[in-house]
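Residue numbers (my numbering): 2 to 87.
Here is the structure we will look at.
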């Protein structure tokens, strides 16, 4: 009997830092409506992701996927580069 793997979370964001070796910081920006005033507010969440080939550059739009913890802060990995920085 084969076990089914749980669905893994995927996020799309922009690379804000690639100064580490085999790691990138990806920022995901969400537009959230303020509960009382109704104005849309930008919320930013940063993820540290594993980049095995070290080929991401700052400004690239990438897709990352949840994975096992690789370090204290790194539990995401790079799936693909959707768009290169201009």
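Every residue, glycine too, gets a C-beta built ideally from N, C-alpha and C.
For the structure I just gave you, are there three or more beta carbon pairs, one from the stretch 54-74 and one from the stretch 30-37, closer than 8 Å? Verdict: no, contact absent.
For the beta strand (DSSP E) that contains residue 50, what are its first and last residues? Per DSSP, residue 50 belongs to the beta strand (DSSP E) from 41-51.
Mind checking who residue 28 pairs with in its DSSP beta bridge? Beta bridge pairing from DSSP links residue 28 with 15, 47.
Measuring alpha carbon to alpha carbon, tell me which residue in 64, 19, 82 is nearest residue 9. The candidate whose alpha carbon is nearest that of residue 9 is 64.
Considering Cα atoms alone, identify which of 60, 27, 66, 71 is closest to residue 84. Closest option to residue 84, Cα to Cα, is 60.
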